[in-house]
Amino acid sequence: MQDEHEHPDVLSVSRRGFLKGFGAGTAATSLLSPLSVREAEAAERGFVGPGAVPVVLTVNGRKQTIQAEPCVTLLDALRNRLDITGPKKVCDRGTCGACTVLVDDKPVYACSMLAIEAEGKHITTVEGLGTPEKLNSVQKAFVEHDAQQCGFCTSGFVTAATAFVRKHPNATIEQIRSGLGGNLCRCGTYAGMLLAVADAASGKGGRA
Amino acid sequence: MAKVDWPEASKRTLIGKRISRTDGPLKVTGAAKYSYDISRPGLLYVKLVTSPHPKAEISGIDGTAAAAVPGVKAVWKDEELQEVQYVGQIVAAVAAETEEIATDAAHQVKVEYRVREHQVRDNDPALSKDKPSNLTVGNLDEGFAKADVTMNGNYGCPVITHCCLEPHGQVTEYRDGELYIWPSTQNVSRYSDGLRNDVDLPQNKIHVDCQHMGGGFGSKFDTDKWGKIGVTLAKMTGRPVKIMLDRDTELMIAGNRPSAYAKIKVGAKRDGTITAVDAEVWGTGGGGGYSAPPIPYVFGKIPNRRLVGKGIRTNRGGQRAWRAPNHPQGCFLTMSAFADTAALLKMDELEFFQRNIQFTDRPTVYTEELNKAAELIGYKRRAHLRGDASPGPIKRGLGVSIHTWGGQGHPSECDVTIHPDGSVEAACGTQDLGVGTRTCIAMVVAETLGIPLQAVKVKIGRNEYPQSGASGGSTTIGGISVSSRQGATAALNALLEVAAKRLGIQPDLLEARDGQIREVDNGSKRISWKDACALLGPSPITKRGVNVPGESAKANLASQGVGGAQIADVSVDIETGIVTMNELVAVQDCGLIINLKLAESQVYGALIMGITSALYEEAVYDTRTGKMLNADMEFYRLAGIKDVGKLTVHMMTGKGYDDRGVIGLGEPPVISPAAAIANAVANAVGVRVPQLPLTPERVLAALAQRGGSAA
Chain V
103 MQDEHEHPDV LSVSRRGFLK GFGAGTAATS LLSPLSVREA EAAERGFVGP GAVPVVLTVN
163 GRKQTIQAEP CVTLLDALRN RLDITGPKKV CDRGTCGACT VLVDDKPVYA CSMLAIEAEG
223 KHITTVEGLG TPEKLNSVQK AFVEHDAQQC GFCTSGFVTA ATAFVRKHPN ATIEQIRSGL
283 GGNLCRCGTY AGMLLAVADA ASGKGGRA
Chain H
542 MAKVDWPEAS KRTLIGKRIS RTDGPLKVTG AAKYSYDISR PGLLYVKLVT SPHPKAEISG
602 IDGTAAAAVP GVKAVWKDEE LQEVQYVGQI VAAVAAETEE IATDAAHQVK VEYRVREHQV
662 RDNDPALSKD KPSNLTVGNL DEGFAKADVT MNGNYGCPVI THCCLEPHGQ VTEYRDGELY
722 IWPSTQNVSR YSDGLRNDVD LPQNKIHVDC QHMGGGFGSK FDTDKWGKIG VTLAKMTGRP
782 VKIMLDRDTE LMIAGNRPSA YAKIKVGAKR DGTITAVDAE VWGTGGGGGY SAPPIPYVFG
842 KIPNRRLVGK GIRTNRGGQR AWRAPNHPQG CFLTMSAFAD TAALLKMDEL EFFQRNIQFT
902 DRPTVYTEEL NKAAELIGYK RRAHLRGDAS PGPIKRGLGV SIHTWGGQGH PSECDVTIHP
962 DGSVEAACGT QDLGVGTRTC IAMVVAETLG IPLQAVKVKI GRNEYPQSGA SGGSTTIGGI
1022 SVSSRQGATA ALNALLEVAA KRLGIQPDLL EARDGQIREV DNGSKRISWK DACALLGPSP
1082 ITKRGVNVPG ESAKANLASQ GVGGAQIADV SVDIETGIVT MNELVAVQDC GLIINLKLAE
1142 SQVYGALIMG ITSALYEEAV YDTRTGKMLN ADMEFYRLAG IKDVGKLTVH MMTGKGYDDR
1202 GVIGLGEPPV ISPAAAIANA VANAVGVRVP QLPLTPERVL AALAQRGGSA A
């Protein structure tokens, strides 16, 4: 792993190459679309993979290069290559939301996005939202309302809730129930979460 | 001198208050490192090779191709395994530089199976090959002869899984001849016991560390096969190795709650008094034995009763303790049969339960709790006899259940150290499953020493700390609160001796309060906490507190035996069969509560877990292939935030409760929800939906049998 300041072209090659090389059909293409002009150009130069390729990720404001096979998910890249372990691996197929991260400020299941898809985008994990010494308003409210038990779903919920509160200030309880429907908790901390997100949405405790 | 007993309510500064968990900020920022998150220099990733067959002989395992994959560092094969007994059983394991390489290589391990006939069905008593258990009390014939009505019912709840969000597993590392393990465990102090045949090291050279773990619910007591494989692969490769189960394997083999299907006959007099209960129950916990859930549950003093249990051995992953083992099943089966008996008598369900309350161990407590639950949900105003007669497809109903649990604190030791600079540490080999154990120890020590909560540093989650019991059966809070109270009191008394000399009075006239050591009820002679600690010279005071369950029970520091009452309010759409939770009210006692906020969290969580088991959870097995069809989280469904309705929690505290000492709370509130919800559904639609989970298909099928009428 090393810090990178440039965005090397070869990385786009790998992404396009991955698709081409594995004969990915319409479904995969549409998943990655719209393809940029640069990607189309890169595609002409052949594919990279299936071995490890350099991938540049900008996580919590820091640009870093990892070596990863094109099949590596953003979640595994964060956890296994960058030791950013706030996003958790639970269902690993886009059901539970424990791996939720923000990609260009939108909540995304990191288990369902390839690392190479996340190049050039700004990735924010729960670690980028606040620190134990300086919590954001959602994190503060989660602590205050005990919206956590074992805490394994908490990173994903805090991240999803932060995105929700930014988009829906003054959300109603019903909106919160719908807005957080993409995450699951096993210990059963929803009662505290509703209060926490309602608090944060009301602007109590500062900006999310 | 300070006494070990709990302070009276007026003197408590922290105990019983709503205090936020101290490690909350770590969990909400991702800073809390779970076992799954541990990374070590040179870490290898392990993928398991598991059986695709429910029953097969193994004639050979060939790891050559897997070992040849670039990046693979070792292939472990279970050479002793001759036959697999369930899908998902571990056969081999591959350690590699990356998770992706390990996954690819695991597919290249060739296992030769000779497939044998399997059996995964669990819902037919004729499948039982074991000698039935039989518990008969009183005289059934006489009991039924006294009855004015006899109710016959069939009910069932399927196998469900723990589905801990953090799967089972660990990171294992050999370093300088010693073993370091970071497991996700409920049993830090005794985790290494499971390695006694695998490792030639004493426990002081096996370092177990679990600071945060992502849920256990009874499934994480053991070292497990993956724990042993971790040790072997770490030894084979000389590198740290991480094994965490994939979700499908987790759901298939890492524990489940046995099923329970029952045929129940209840005899009752016209006034509702139950005269006899005859129950035959069957189910499976996998390939091992089966223990019938208690029926009649809670109403254990019904004079004439019989319980016949028939275990069915299946080619499925084995059962493990699942939060309140056997109680939720016994509760659902019993309360369903009793509510159906009330319906047969055209009697109000709550009244029927109260009519028979003398058959419970604690009639006064249950009466009080049922009345409180009824008040909170507006029962009198809203209750109706079975079948919501109002027009339209949405039917609403209420359902009642009560439950019990023990919860005596386990053996626990805790060292409390007062340093000369005034700082305080408490060390205890316990673990925090998410219930706030760390916070509770800090509260007890801070309360005892009269210092702020933040002044206490709590060290848990390592086996080098004083030994403390496994967290199971709601035993942790009783154990750690007493051991930390005793350790802190002994340390304080040693400090009071020193302070007394300086102040020129007897130590027994001193108390620790508000950051001071001061004369009791007077305060004219006093010294600040910091100045008192400075009198110690260079050496700290360390005292060990020990919880001996029998003794702390005698001293009313910790005891056992709690009750709880729950009432559910549901709406059922009789056109779609969809059950919607409106409200679930829980009234619960658990002796002296250390932290009211965390106690309430436990109950809220239990209600949600109970709702999930009532409406969604079932390990679905295909009889032909023997595979679990929903070993994932799309189809093994957990309730989401939209599904749970309003939750109302009332803790019984104060006189008659606080003076019983501390009692555990993890299990009891999870017992009743399914029973209360199933009764509420029956009350709404007018027919019993006999099988959990109460899916739309099952609701519609039950309605169809009764001709689709809800009245």
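Line by line, the protein sequences give chains V and H. So in this note's numbering, the last spot in the first sequence is 310, and the numbers never skip. So in this note's numbering, the last spot in the second sequence is 1252, and the numbers never skip. Here a beta-carbon is modelled for each residue, glycine too, at the ideal position from N, C-alpha and C.
Leaving out five residues before and five after residue i in sequence, what residues of the same chain have Cβ atoms less than 6 Å from its Cβ?
i      : result
H:E653 : S600, G601
H:A803 : Y696, A820, V822, L874
H:M777 : A615
V:E108 : Residue confidence for V:E108 is low, a pLDDT of 39 falling below 50, so the modelled location carries little weight; the figure read from the coordinates is stated next. Cβ neighbours of V:E108 beyond the five flanking positions: none.
H:R937 : D929, S1112, A1225
H:H951 : G1010, T1016, G1020
Answer yes or no: do residue i and residue j have a C-beta to C-beta separation smaller than 7 Å?
i       : j       : result
V:A302  : V:V203  : no
H:L1156 : H:R559  : no
H:V749  : H:L585  : no
H:A1011 : H:N728  : yes
H:G757  : H:T713  : no
H:L786  : H:P708  : yes
H:A1053 : H:L990  : yes
H:T882  : H:V818  : no
H:S760  : H:R857  : no
H:G1028 : H:G977  : no
H:N1088 : H:G1202 : no
H:G1181 : V:L216  : no
V:P189  : V:C201  : yes
H:R979  : H:D671  : no
H:M1122 : H:I1149 : no
Less than 7 Å between C-beta atoms, sequence neighbours within five positions excluded: which residues of the same chain meet that for residue i?
i       : result
H:K1269 : Residue 1269 of chain H is absent from the structure shown; chain H starts at 542 and stops at 1252.
H:A914  : A1106, Q1107, I1108, V1126, V1128
H:L1033 : A543, T989, L990, A1053
V:N272  : A303, S304
H:L1076 : V1039, A1040, R1043
Can you give me the Cβ contacts of residue i inside the same chain, cut-off strictly under 8 Å, excluding the 5 residues immediately before and after it?
i       : result
H:D1173 : R788, D789, L792
V:V260  : V228, L231, V240, Q241, F244
H:D889  : A883, A924, L926
V:A298  : V240, A243, F244, E246, H247, A249, A263
Just list the residues that DSSP pairs residue i with in beta bridges.
i       : result
H:R903  : Note: H:R903 sits in no beta bridge, so no partner.
H:C698  : H:A801
H:T677  : H:R847
H:C955  : H:G1086
H:Q1107 : H:S942, H:A1127
Whole angstroms is fine: what's the gap from residue i's alpha carbon to residue j's?
i       : j       : result
H:L1233 : H:G779  : 49 Å
V:G307  : V:L237  : 10 Å
H:Y831  : H:V700  : 13 Å
V:D105  : V:R164  : Here the model assigns V:D105 a pLDDT of 43, short of 50, so the residue's position is not dependable, and the following value carries that caveat. Going by the C-alpha atoms only, they are around 8 Å apart.
V:K223  : H:S1100 : 57 Å
H:V1061 : H:P1048 : 10 Å
H:D546  : H:P961  : 26 Å
V:L134  : H:T644  : Note that V:L134 has pLDDT 44, beneath the 50 cutoff, so the model's placement of it is unreliable and the number below is only indicative. Their Cα atoms are separated by approximately 25 Å.
H:P834  : H:N867  : 5 Å
V:R288  : H:V906  : 30 Å
H:G1227 : H:R927  : 5 Å
V:F124  : H:V590  : Caution is warranted here: a pLDDT of 41 is assigned to V:F124, below 50, making its placement in the model unreliable, and the coordinate value is therefore given only provisionally. Computed Cα separation, rounded: 26 Å.
H:I1268 : H:Q1057 : There is simply no residue 1268 of chain H to check, as chain H begins at 542 and stops at 1252 in what is shown.
H:S931  : H:D1110 : 16 Å
H:V1120 : H:T1164 : 28 Å
V:G290  : V:A300  : 18 Å
H:K552  : H:A987  : 13 Å
H:P1231 : H:E1158 : 15 Å
H:K538  : H:S1025 : Any property of residue 538 of chain H remains undetermined from this structure, which presents chain H solely from 542 to 1252.
Flag residue i as yes when its Cβ comes closer than 6 Å to any non-hydrogen atom of the ligand NAP, and as no otherwise.
i      : result
H:Q870 : Annotation note on the ligand NAP: not contained in the displayed structure, which lists no ligands.
Given 8 Å as the limit, is there contact between the region 152-162 of chain V and the region 174-187 of chain V, that is, 3 or more CB pairs closer than that?
yes
Count the CB pairs spanning the region 1132-1149 of chain H and the region 1216-1225 of chain H that are closer than 8 Å, and state whether there are at least three.
no
Using 8 Å as the threshold, is the region 590-610 of chain H in touch with the region 625-634 of chain H, meaning 3 or more CB pairs across them?
yes
Is the region 842-856 of chain H touching the region 657-672 of chain H, taking contact as three or more C-beta pairs under 8 Å?
yes
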